[in-house]
Every structure is written in structure tokens, then in C-alpha cells.
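Everything on this sheet refers to the single structure shown next.
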Amino acid sequence: PKLDKYGHLIVDHDLHNHNGELPNGIAEAFIDWAKKDKLSFWK
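Convert by adding 61 to the 1-based position in the sequence shown; the result is the number in this note's numbering.
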């Protein structure tokens, strides 16, 4: 199992990145899309 710097188990999923310990996931893709399209809720 993969542990974070505090010894907590990192669950392998695609929802978000754990401080660079996992690849970017859905949350990071959404942020990139919101920034690219200059959506008002993401400034």
C-alpha cells in the first residue's frame, strides 16, 4: 500500500491528487477547464 507523509493510506482513485503523490484526476481536470474557459466561479 502507498502511504502519505503522515503514514495514512492513500486510496488509489481518480478524484484528486494527493499533494503530487498520485497523478492528476477529475478535480484537477475540472480546475484546468474552468480556468481555460474563464468561468466566473474560478478566478
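The beta-carbon is built from N, C-alpha and C at its ideal position, and this holds for glycine as well.
With a threshold of 6 angstroms on Cβ separation, who are the neighbours of residue i within its own chain once the five nearest residues in sequence on each side are excluded?
i	result
Leu-100	none
Based on the DSSP output, what are the partners of residue i in its beta bridges?
i	result
Leu-64	Leu-70
For residue i, which residues from the same chain have a beta carbon less than 7 angstroms from its beta carbon, with the 5 sequence-adjacent residues on both sides left out?
i	result
Pro-62	Leu-70
Phe-91	none
Lys-96	Trp-103
Going straight from the alpha carbon of residue i to that of residue j, what length do you get?
i	j	result
Ala-88	Trp-94	10 angstroms
Asp-98	Lys-104	11 angstroms
Pro-84	Phe-102	25 angstroms
Gly-86	Asp-73	11 angstroms
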